[in-house]
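Here the structure is laid out as structure tokens; the discussion comes afterwards.
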Amino acid sequence: MANFEEYKELLEENAPSECQACGGPLVLEKVNLEDYQGGKLFMMEKVPAFVCQNCGEIWVPEPVMLEFERMIETVKLKKQEKNVKKKTPVKKHKEKKKNIREEH
């Protein structure tokens, strides 16, 4: 993920004017995103988001949220691949020697 400073200028240019929940002022801060799926905790730390100074409502910009969702999907896919490898037994086949007798 791009670091906070790289996102800061872009996000501040496109910042929402006020909190949609209470109308309070929004400030760009670093927050932690968390999501529980299938009993697992997915987390991204110190991502840029707008935080309302009145009510604490957090607005996560779309590029940040999309990156978080991609990260979760990547982890899930890797886990599925790992599970498939575990469940697929690998059998080594030995070449059987045949006893062939030629009778004359």
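In the numbering used here, each residue's number is its place in the sequence shown (first place is 1) plus 54. Cβ atoms here follow ideal geometry from the backbone N, Cα and C, with glycine treated the same way. Only a predicted model underlies this, so the values are computations on that prediction, with no experimental measurement involved.
Exercise. Would you be able to state if there are at least three C-beta pairs under 8 Å between the stretch 111-130 and the stretch 91-101?
Key: Because the criterion of three Cβ pairs below 8 Å is met, the stretch 91-101 and the stretch 111-130 touch.
Self-check item: Buried versus exposed call for C106 [16 or more other C-beta atoms within 10 Å across all chains shown]
Solution: For the purposes of this step, residue 106 is taken as the residue at position 52 of the sequence shown. By the neighbour-count rule (16 or more Cβ atoms within 10 Å), C106 is buried.
Quiz prompt | Candidates F122, E121, M119, P115: closest to L64 by CA position | solution = On the sequence shown, position 10 is the one that residue 64 refers to. Of the candidates F122, E121, M119, P115, the one whose C-alpha sits nearest the C-alpha of L64 is P115.
Exercise. Scan the stretch 68-152 and note each continuous alpha helix (DSSP H) run of 4 residues or more that stays entirely inside, going in chain order.
Key: Runs of the alpha helix (DSSP H) spanning 4 or more residues and lying entirely within the stretch 68-152 occur at 116-141, in chain order.
Practice problem: Go through its chain and collect everything with a Cβ distance to K62's Cβ below 7 Å, but skip five positions before and after it. | Solution: For the purposes of this step, residue 62 is taken as residue 8 along the sequence shown, with counting starting at 1. Counting only Cβ-Cβ distances below 7 Å, and skipping sequence neighbours, we find L82, P102.
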